[in-house]
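Visitor:
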Amino acid sequence: MNILTLVRQVPDAEARVKINAQAVDLEGTTLVIDGMDEYGVEEALRLRESGAAVEQIIALAVGPKRVEDALRTALAMGVDRAIHVETSERLDAVALSRIVAQIAQAENIGLILVGGQEADWDSQALGAATAERLGWPQLTWTNELKIEGDVLTGRHDVDDGNESFRATLPAVVTTQQGLNEPRYPTLPNIMKAKKKELRKDDLSQYGVQPMVRYVNAEIQTRARRNHMIDGKDPQAAAAQLLELLRNEAKVLS
Amino acid sequence: MILIVAEHAGGKLGKSTLEMVTAARESGREGPITLLVLGSGVAEVANASAAYADQVLVADLPELATYNAELWAAATAQIAQEGEASTVMIGGSRSGREYAPRVAVKLDAPYLEDAIRLTSSGSALQAQRYTYLARVTETVEAEGPVIVVTVKPGSFAPAQAAGTAGEQYDVELTLPTPRVEVTGKSVEKTSRVALTEADVIVTGGRGVGSPENFSAYVEGLADAIGAGVGATRAVVDAGWRPYAEQVGQTGKTVQPGAYIALGVSGAVQHLSGMGKSKHIIAINKDAEAPIFKVADYGIVGDVNQIVPALIAEARK
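Order-wise, the sequence lines are chains A and B.
Oh and the first sequence: position 225 is 225 in the working numbering, straight run, nothing missing.
Oh and the second sequence: position 32 is 32 in the working numbering, straight run, nothing missing.
(1) Put A/I255 into one of helix, strand or coil per three-state DSSP.
(2) With a threshold of 8 Å on Cβ separation, who are the neighbours of B/G266 within its own chain once the five nearest residues in sequence on each side are excluded?
(3) Can B/E245 and B/G230 be called in contact, C-beta distance under 8 Å?
(4) When DSSP builds the beta bridges, which residues end up paired with A/D201?
(5) In terms of residue numbering, what span does the beta strand (DSSP E) encompassing B/D60 cover?
(6) Since I believe B/L262 is in contact with B/V202 (beta carbons under 8 Å), could you give me their beta-carbon distance rounded to a whole number of angstroms?
(7) If you draw a straight line from the C-alpha of B/V255 to the C-alpha of B/L195, how long is it?
(8) So that I know if they touch, is there some Cβ in chain A lying closer than 8 Å to that of B/P101?
(9) Pull up the DSSP beta-bridge partners for B/S277, would you.
(10) Contact check, B/L3 vs B/L36 under 8 Å by CB: the rounded distance?
(11) If I measure Cβ to Cβ from B/F214 and keep anything under 6 Å in the same chain, skipping five residues before and after, which residues do I get?
(12) Within the 8 Å Cβ cut-off, does B/D286 reach chain A?
(13) So A/P234 contacts chain B; which residues on that side make the cut at Cβ distance below 7 Å?
(14) Inspect the CB distances between the stretch 6 to 19 of chain A and the stretch 110 to 122 of chain A and report whether three or more fall short of 8 Å.
(15) Pull the bridge partners of B/M20 from the DSSP assignment, please.
(16) Near B/V149, what residues of its chain come up, given a Cβ to Cβ distance below 6 Å and the 5 sequence neighbours on each side ignored?
(17) At a cut of 8 Å, does the stretch 160 to 170 of chain A reach the stretch 42 to 50 of chain A through at least three beta carbon pairs?
(18) For A/A13, which residues in chain B fall below 7 Å Cβ to Cβ?
(19) Considering Cα atoms alone, identify which of A/V151, A/Q102 and A/D150 is closest to A/E132.
(20) On the three-pair Cβ rule with 8 Å, is the stretch 23 to 41 of chain B touching the stretch 174 to 188 of chain A?
(21) Secondary structure at A/R155, three-state DSSP: helix, strand or coil?
(22) Whole angstroms are fine: how far does the CA of B/P308 sit from the CA of B/R315?
(23) Identify the contact partners of A/Y39 in chain B, using a Cβ-Cβ distance below 8 Å as the criterion.
(24) As a quick exercise: from A/T30, A/L31 and A/L71, pick the residue whose alpha carbon is nearest that of A/L4.
(25) I'd like to know if B/S93 contacts chain A, where contact means its C-beta is closer than 8 Å to some C-beta of that chain.
(26) Hey, could you find the ends of the alpha helix (DSSP H) B/R233 is sitting in?
(27) Using the C-alpha atoms, what's the distance from A/A15 back to A/R199?
(28) State the DSSP-derived secondary structure class of B/D108, mapped to helix, strand or coil.
(29) Taking only the alpha-carbon atoms, compute the straight-line gap between B/Q269 and B/D170 and give it to the nearest angstrom.
(30) Does any residue of chain B have a CB that is nearer than 8 Å to the CB of A/P258?
(31) Report the residues of the stretch 94 to 119 of chain A with a CB closer than 8 Å to any CB of chain B, ordered along the chain.
(32) If you reduce the DSSP assignment to three classes, tell me which class A/V17 lands in.
(33) Distance, Cα to Cα, A/A95 vs A/L60?
(34) Taking the alpha carbon of B/A234 as the point to measure from, which residue in B/Y217, B/P211 and B/P145 has its own alpha carbon closest?
(35) Taking all protein chains shown into account, decide if A/L187 is buried (16 or more other Cβ within 10 angstroms of its Cβ) or exposed.
(36) Can you tell me the Cα-Cα spacing of A/I190 and A/V79, whole angstroms?
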């Protein structure tokens, strides 16, 4: 079986996000492989290390030239090869799932791993949309995963708690914190990664059009009152806070 | 029609459903507002739904007793097609955002995810949504005979009941066999109000000191003022609290009227889950904690001293 692991490149969580010409401007921003996708890369490696019959682990990224860096990180962590569909066009998750599904079929993929929510779009849609296109089951927000033969078992979070599950491959799994601790690429592995295949595809090969137009982006910060209450006298501070919550903010009765 | 898939639990119509009715009324999209109730033994929910919609479609089937992404997607897409829906609205819960993309693919429709505002211009539907860990508000737009939208909980006012009750109709569905088997389930029950429905939330971070303090202060204050209980990732990772209480990027996103953060430092990932709360109140002994930058009311001080005083004062 081959595993496809999807990789996005996003701003570091602590990085400041700038807007320029009504769009997010990532120029000069520290960019990293999306943390949630990193759990997916790590899980693919662990599944192989734990004895699952994994032939190849392939990392896929769709985006501008710079996303090569995120793919190099995945290669240095241990994936076997990478595919980069290079485009500066911004594709929504449903359109993007069309590319992922085509590659999954062409590469004989049995398991797709993707982050539960991307830190750039704040979207949870890619895994589910891809699963539907392929006619595969999906497990979202997974924090425990095992493969025996073609049976996938594990645990994932749902609205009101968590569930243990069982499904037959092929499947799409979305990953999250708790699943594993991603490894750091070592220097020898970073050197080795330079020799691994990083295939470049053109978006036009996939016949995909965006289905959503991006109109505007702005940073809206709600003006906060920033009313600081002196905490030296706990009784007085508590009384004052409750008075403000009841009579000024009117959030308590 | 505007097809809204009702969210309900324990025989009650969820607040998010009423919020979607408002979103539908404000969206400018065409057609009667139709609520689709999926489940088993849902007569009560269907009756409650009638007050908010032009019509209610009910699929009361044993196969739908528990949520399943493939079943919910198949049912929703089928009804949307048969009813020639212009818009399909699904709640922005974890499950809603799980099956909505499948509905969009089935209908070959554009998908606007986690909308906080909806407006129409001509045949296009514009949605505002948060991106970049909720640090950016983007406007996106889609056109088509049908558009699938998820609505972020807490973003619209719950609808008032309409003057006349909508007619109820039973629908027939052709459902697939689900391919995921649930082999066990752990429901994290709480006697308190659900986080995503709560008007007031009290959340504790590592700064409260210990699991015992968490119970005494965070739960104590929540009970004194009738609030839901939240926790930061650090607290959940430390095993003090269940994951169901986690607020933030990898937990729940909440938007209550008041969010009271006790001993919470305010990492970006946490802010992305609660930063849109109407009022933020922070109590932390570290005056430099980032949470104070987004706070409406802040007290620099020891949770151990201030919260017991708050609880006593609130009970007066």
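All residues carry an ideal CB built from backbone N, CA and C; glycine is no exception.
Guide: Taking the structure as given:
(1) Shown here, chain A extends from 1 to 253; a query on residue 255 of chain A therefore has no answer.
(2) Mapped onto the second sequence, residue 266 of chain B falls at position 266. A282, A289, P290, I291, F292, K293 and V294.
(3) By 1-based counting over the second sequence, the position of residue 245 of chain B is 245. By 1-based counting over the second sequence, the position of residue 230 of chain B is 230. Yes, they are a contact pair.
(4) Sequence index remark: in the first sequence, residue 201 of chain A carries index 201 (1-based). A/D201 is bridged to A/V85.
(5) On the second sequence, residue 60 of chain B is found 60 positions in, with the first residue counted as 1. Unbroken beta strand (DSSP E) run through B/D60: Q55 to D60.
(6) Residue mapping note: residue 202 of chain B aligns to position 202 of the second sequence, counting from 1. Residue mapping note: residue 262 of chain B aligns to position 262 of the second sequence, counting from 1. About 7 Å; that satisfies the 8 Å criterion.
(7) The count along the second sequence starts at 1 and reaches residue 255 of chain B at position 255. The count along the second sequence starts at 1 and reaches residue 195 of chain B at position 195. Before going on, a small fix: residue 255 of chain B reads as Gln here, not Val. Straight-line Cα distance between these residues: approximately 9 Å.
(8) For the purposes of this step, residue 101 of chain B is identified with residue 101 of the second sequence, where counting begins at 1. At least one chain A Cβ lies under 8 Å of B/P101.
(9) On the second sequence, position 277 is the one that residue 277 of chain B refers to. B/S277 is not bridged to any residue.
(10) Locating residue 3 of chain B in the second sequence gives position 3, counting from the first residue. Locating residue 36 of chain B in the second sequence gives position 36, counting from the first residue. Yes, B/L3 and B/L36 are in contact; Cβ-Cβ is about 6 Å, under 8 Å.
(11) By one-based count along the second sequence, residue 214 of chain B stands at place 214. Closer than 6 Å at the Cβ level, and outside the excluded window around B/F214, lie G204, V208 and W240.
(12) Along the second sequence, read from residue 1 onward, the residue named residue 286 of chain B stands at position 286. For B/D286, the answer is no, since every Cβ of chain A falls outside 8 Å of its Cβ.
(13) For this step, residue 234 of chain A is matched to residue 234 along the first sequence. By Cβ distance, chain B contributes G301, Q305, I306 and A309.
(14) yes
(15) Residue mapping note: residue 20 of chain B aligns to position 20 of the second sequence, counting from 1. In the DSSP output, where bridge partners are listed per residue, B/M20 has none listed.
(16) Your numbering for residue 149 of chain B matches position 149 in the second sequence. For B/V149, where only same-chain residues beyond five positions count, the Cβ hits under 6 Å are M89, L112 and A115.
(17) no
(18) For this step, residue 13 of chain A is matched to residue 13 along the first sequence. Result: L133, V268 and Q269.
(19) Locating residue 132 of chain A in the first sequence gives position 132, counting from the first residue. Looking at the Cα atoms, A/Q102 is the closest of the given residues.
(20) no
(21) Against the first sequence, residue 155 of chain A aligns to sequence position 155. In this structure, A/R155 counts as strand in the three-state DSSP scheme.
(22) Translated into the one-based positions of the second sequence, residue 315 of chain B becomes position 315. Translated into the one-based positions of the second sequence, residue 308 of chain B becomes position 308. Cα to Cα, the separation comes out at about 11 Å.
(23) Residue mapping note: residue 39 of chain A aligns to position 39 of the first sequence, counting from 1. By Cβ distance, chain B contributes nothing, its closest Cβ being about 10 Å from A/Y39, past 8 Å.
(24) What you label residue 4 of chain A is simply residue 4 of the first sequence in a count that begins at 1. The residue with the shortest Cα to Cα distance from A/L4 is A/L71.
(25) Counting from one through the second sequence, the residue named residue 93 of chain B turns up at place 93. Judged by the 8 Å Cβ criterion, B/S93 is in contact with chain A.
(26) For the purposes of this step, residue 233 of chain B is taken as the residue at position 233 of the second sequence. Run containing B/R233: R233 to D237, per the alpha helix (DSSP H) assignment.
(27) Against the first sequence, residue 199 of chain A aligns to sequence position 199. Against the first sequence, residue 15 of chain A aligns to sequence position 15. If you take the alpha carbons of A/R199 and A/A15, they lie about 30 Å apart.
(28) If you number the second sequence from 1, residue 108 of chain B lands on position 108. Looking at B/D108 - three-state DSSP - the assignment turns out to be coil, as it is neither helix nor strand.
(29) The residue given as residue 269 of chain B occupies position 269 in the second sequence. The residue given as residue 170 of chain B occupies position 170 in the second sequence. Near 43 Å, if we compare the C-alpha coordinates of B/D170 and B/Q269.
(30) Outside the shown range of chain A, which is 1 to 253, sits residue 258 of chain A, and nothing can be said about it.
(31) V94, S97, G116, Q117 and A119
(32) The residue labelled residue 17 of chain A in the question sits at position 17 within the first sequence. It is coil, neither helix nor strand.
(33) One-based indexing of the first sequence puts residue 95 of chain A at position 95. One-based indexing of the first sequence puts residue 60 of chain A at position 60. Approximately 15 Å, taken between the alpha carbons.
(34) Locating residue 234 of chain B in the second sequence gives position 234, where the first residue counts as 1. Looking at the Cα atoms, B/P211 is the closest of the given residues.
(35) Numbered from its first residue, the first sequence carries residue 187 of chain A at position 187. It counts as exposed.
(36) Counting from one through the first sequence, the residue named residue 190 of chain A turns up at place 190. Counting from one through the first sequence, the residue named residue 79 of chain A turns up at place 79. Between A/I190 and A/V79, the C-alpha separation is close to 11 Å.
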